[in-house]
Structure formats: structure tokens, C-alpha cells
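What follows is a single structure, written as C-alpha cells, with notes after it.
In our numbering, the protein residues as written are 27 to 409.
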């Protein structure tokens, strides 16, 4: 269905707002944050003041009440300044939505206000050292106690590990397989909760990443998110939107890389003329623009599917995540190549984008797993 002009104008205003914030409050500091290994909480609170910490939390719960399509516009804009920063905000949004969507009234009342303001930051804990793509094989255990649950296990590659104030932990409360998994919230001050050393990573440098270690962590029954045994389904529901968001982050960063390449090729001279006068490089730029626009259109389409509750929304989210993150990485890498040796230098800002975008092809489900999801859906539809 064609959007109305008002809707198009509103969407452009959202994108412009996020891009403006990224240009003024994120991009100038991104390299320093990477060197420091974390981003300032004060900047995260500024994000929240603009309504970008609870984008699709319902308005009646205090959130912005926007659509998944509108969320992709915001994350594209934020990522134009730093995809690592934007992705961290995306994870917080996913967790806040899970609490709003599946939590009890008491849980929402107790937790959402501080999450919406980003006075409190929440992380998502699914992956383990021995279960990445095979997430349903997780081994972290939550045993029932008189007061609630006692959690033991280790979560790996957790964005915000040791930095966030609470953690949504997927833990096994029942038998093997997806139906034995529940979601529980563990607060940072819980006895028995500790963190591994901060990981040294290729990219995403401003996001502190560490193992989350649970050693007989006791949490009250009120910290159970939703129903026991439904945690894996909640995690997967969160990932549909997470995959759209990470694709949007890829798109925003790749657009920045292309914009930088356009400027550079108009300034750099070789063999008596600027680089943009060589037809081979003009063709390269044309392909980069075409591929990025195609990725943008497909991402919007997938987001609209999720908003509409379409039966094939999960397939489309997987397709968008695979296609957009692969395309964006290629565009950013091509932009580096167009810069020649200067693209390899940190001062030009291209090499950081390439490093940051590489992990987008791995997290929120590897792009190989996206192909599994897509092909399974195709075969089921055939039947």
C-alpha cells in the first residue's frame, strides 16, 4: 500500500532527527569512545530524551509507540554516526520491548520508567560458549527455589556485560529443547553475578562486551519474564525486530561510507584529473548506490511485513538481515578501496566502519542461519 504524503514526511523527519543527533553528538566522539572501550551514559540519556530508548514500547506504557518500520529509520540515522553505538541502543530497545510485551503489569511498572529514560540499561543474554547458532541447546540452568529461581551458567559475547544494570537471561527451567527455556531478569547487583574480562574485538569498540557468569544467582519469582517455558519463543520474537535493526544499522553506516567516497573521489587527483572522472570508478559508485538503495527498499518492505503481522514476516526479516548486512559490508569495503591507502588510516573514518560492519553478518543469527530460516520457510510454503 502506498504511504500518504504526511506519512512520508513524518518518516523523513524521523530519519533526519536521528541523523542530526548522530552528526552532532555521536560521530565527533566515536573514535574516542572506541579507544576508551565504552560510550558515556550521558549520551545514552540524551538518546532517551528524544524517545529513542523505547521506540516500539507502547505509548500507554511510556514508550514512543512507533512501528518497526519507523525504528529502522531511526537506527539507520543513528548508525550514520557510529554503527556500534546505534546497535547498542537497538539491543536496549529490544529488551525494553520484551518487558513491555511479555512482562506482568508489576514488572512493567517497576522497570520500564528507568529503561525508557536510560537511567537503567538492559542487556540480552542468549548466546553461550557452547551454543551460538544452536541457541536452543543452551545450558544455563534456573532451578526453582522457595522464593524464585537460582541461576547458574555462562553467557558469551554479551553487549553491555559489566556495563548494564540488568540482564534478560535465557535459562533452562525444564527439559532439553526450546520449550524448556525461560526468560529471567538478573540485576547487576545480584550476588553470584560476575563478568569476564572485556573482549578485545575487531570492531564495535565502544560497546563493552564480556561473558556474563552466573554462579547460584538467586532472583525472586517476580523476575520471571512472562510464562515459564516460553523464554525461547520470546527471544525469537525479539530477534525478528533485532534483525531489522541491525540491518538498518548496516545501512546507515554504509551510506556514510559511500558519502565519504563521493567526496574523496571528487577531491583526490591522479593522472591529471579527479578520481570521479574515471569511468571505471563512476561505474563502481553507481553500483554501490544501486545496491544500497535496493537494500533500503527491501528492509522497509520486511519491516512493513513485521508491522502487519504477516505470516511470512520471520522469513522476510531473515532475508533482509542477510541481504542488507552483506550488501552494506561490501559497499563500505568498496568505499575503503576507493580511498586507496588513505582508507586504511583511522583519520578518514572508513576503516572503522568496515570493522564495525563485519560483525553484523554474524550476530542476531549468522547469515548462514538466515539462509536456513529462509529455505525452511520456502519448503514449508511449497508444502
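Where a beta carbon is used, it is the ideal one built from N, C-alpha and C, also for glycine. Here the structure is a predicted model, which means the values were calculated and not measured.
**OP:** State the Cα-Cα distance for the pair residue 195 and residue 100, rounded to the nearest angstrom.
**Re:** Against the chain shown, residue 195 aligns to sequence position 169. Against the chain shown, residue 100 aligns to sequence position 74. Roughly 27 Å separates the two Cα atoms.
Original post:
In its own chain, which residues sit with a C-beta less than 6 Å from the C-beta of residue 27, not counting the 5 before and 5 after it?
Top reply: Numbered from 1 along the chain shown, position 1 holds the residue referred to as residue 27. Note on residue 27: pLDDT 32, under 50, position unreliable in the model; no value is reported.
**OP:** Determine the extent of the beta strand (DSSP E) in which residue 148 is found, giving its start and end residues.
**Re:** For the purposes of this step, residue 148 is taken as the residue at position 122 of the chain shown. Counting along the chain, the beta strand (DSSP E) containing residue 148 begins and ends at 148 to 151.
Original post:
Thinking C-alpha only, which one of 349, 245, 192 is nearest residue 171?
Top reply: Within the chain shown, numbered from 1, the residue matching residue 171 stands at position 145. The option with the nearest alpha carbon to residue 171 is 245.
Subject >> Within-8 Å CB hit, residue 107 to chain D >> reply: No chain D is present in this structure, which holds just one protein chain.
Original post:
Do you know offhand how far residue 29's Cα is from residue 273's?
Top reply: Here residue 29 corresponds to residue number 3 of the chain shown, with the count starting at 1. Here residue 273 corresponds to residue number 247 of the chain shown, with the count starting at 1. At residue 29 the pLDDT is 45, less than 50, meaning the model places this residue with poor confidence and gives no usable figure here.
Original post:
How many whole angstroms separate the CB atoms of residue 343 and residue 269, which I take to be in contact at a CB cut-off of 8 Å?
Top reply: Position 317 of the chain shown, counting from 1, holds the residue named residue 343. Position 243 of the chain shown, counting from 1, holds the residue named residue 269. About 5 Å separates the two Cβ atoms, so the contact holds.
Subject >> Per DSSP, cross-strand counterpart(s) of residue 246 >> reply: Residue numbering aside, residue 246 sits at position 220 when the chain shown is read from its first letter. Paired residues: 174.
**OP:** Write down every uninterrupted run of the beta strand (DSSP E) in the segment 99 to 159 whose length is 3 residues or greater and which is fully enclosed by it, in chain order.
**Re:** 148 to 151
Original post:
Out of curiosity, what's the CA-to-CA distance linking residue 31 and residue 46?
Top reply: By one-based count along the chain shown, residue 31 stands at place 5. By one-based count along the chain shown, residue 46 stands at place 20. Its pLDDT being 41, under 50, residue 31 is placed unreliably by the model, and nothing is read from it.
Original post:
Alpha carbon to alpha carbon, what distance is there between residue 50 and residue 126?
Top reply: Looking up residue 126 in the chain shown gives position 100. Looking up residue 50 in the chain shown gives position 24. The straight-line gap from Cα to Cα measures roughly 31 Å.
**OP:** Could you tell me which uninterrupted beta strand (DSSP E) segments, each at least 3 residues in length, are contained entirely in the segment 166 to 242, listed from first to last along the chain?
**Re:** 167 to 170, 174 to 185, 192 to 198, 207 to 213, 219 to 221
**OP:** Helix, strand or coil for residue 282, going by three-state DSSP, please let me know.
**Re:** Within the chain shown, the letter at position 256 stands for residue 282. Three-state DSSP puts residue 282 in a helix.
Original post:
Looking only at C-alpha atoms, which of 299, 323, 330, 288 sits nearest to residue 312?
Top reply: In the chain shown, residue 312 corresponds to position 286, counting from 1. Per the Cα distances, 288.
Original post:
Would residue 405 be called buried (16 or more neighbouring beta carbons within 10 Å of its own) or exposed?
Top reply: Residue numbering aside, residue 405 sits at position 379 when the chain shown is read from its first letter. That one is exposed.
Original post:
Does the Cβ-Cβ distance between residue 162 and residue 207 come in under 8 Å?
Top reply: To locate residue 162, count along the chain shown from 1; it is residue 136. To locate residue 207, count along the chain shown from 1; it is residue 181. In this structure, residue 207 lies closer than 8 Å to residue 162 by Cβ.
Original post:
Would residue 147 pass as a contact of residue 106 if the rule is Cβ separation under 8 Å?
Top reply: Looking up residue 147 in the chain shown gives position 121. Looking up residue 106 in the chain shown gives position 80. No.
Original post:
In terms of DSSP beta bridges, what is residue 299 paired with?
Top reply: By one-based count along the chain shown, residue 299 stands at place 273. The partner list for residue 299 (beta bridge, DSSP) reads 296.
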